[in-house]
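Enquirer: In this note's numbering, the protein residues as written are 3 to 136. Note that the Cβ used here is the ideal one computed from N, Cα and C, for glycine as well. These numbers come from a predicted model, not from an experiment.
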């Protein structure tokens with residue numbers, strides 16, 4: 003079962019690679035009886051392959067906000083222009099599934115007390131003052 007209709011959110015990302023990247027959503031699909039997925043543009047799900055959508059491409063240093071549903075799966079792939087022609091999707095640099103991370107208290111409900119120290123807001127750590135050299 004694919005999670006494609008979870009709560010809406012926004013994923014903000016920056017291309018910190020030295021090459022352009024393409025952001026794609028792994029859209030669920032059924033081939034015969036087998037469930038699979040294929041990559042479409044994370045910006046416009048009607049465009050496949052994703053690198054055909056100029057809005058799904060981020061240049062180095064560029065930021066993008068992507069509307070997502072929690073539970074969807076996304077790939078960020080480098081664009082390889084080494085063949086001299088049109089850039090083609092290359093290696094997956096990042097796979098991301100937006101949503102909460104399951105956290106569990108493995109000690110059980112009897113160990114839910116919060117220590118008093120955790121309720122005290124610590125002062126920020128600052129460097130020592132410079133030495134007086136007079």
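1. Go through its chain and collect everything with a Cβ distance to residue 59's Cβ below 6 angstroms, but skip five positions before and after it.
2. Suppose the cutoff is 7 angstroms on Cβ atoms and the five residues either side in sequence are ignored; what does the same chain contact list for residue 29 look like?
3. Which class does residue 57 belong to by DSSP, given the choice of helix, strand or coil?
4. Who pairs with residue 16 in a beta bridge, going by DSSP?
5. Could you check the C-alpha separation between residue 109 and residue 75 for me, to the nearest Å?
6. Within 10 angstroms of the Cβ of residue 57, are there 16 or more other Cβ atoms? Answer buried if so, exposed if not.
7. Around the C-beta of residue 65, are 16 or more other C-beta atoms found within 10 angstroms, so that it is buried, or is it exposed?
8. Helix or strand or just coil, what does DSSP make of residue 50?
9. Output the distance between the C-alpha atoms of residue 95 and residue 89, rounded to the nearest integer angstrom.
10. Just to confirm, are residue 63 and residue 17 a CB contact at a threshold of 8 angstroms?
11. On a Cα-Cα basis, can you pick out the residue from 82, 83, 98 that is closest to residue 14?
12. Quick one: give me the first and last residue of the beta strand (DSSP E) that residue 108 is part of.
Expert: Quick answer:
1. The residues are 22, 24.
2. 39, 40, 42, 47
3. helix
4. 65
5. 31 angstroms
6. Residue 57 should be labelled exposed.
7. exposed
8. coil
9. Computed Cα separation, rounded: 16 angstroms.
10. yes
11. 98
12. Taken as a continuous stretch (DSSP letters only), residue 108 belongs to no beta strand (DSSP E), as it is neither H nor E.
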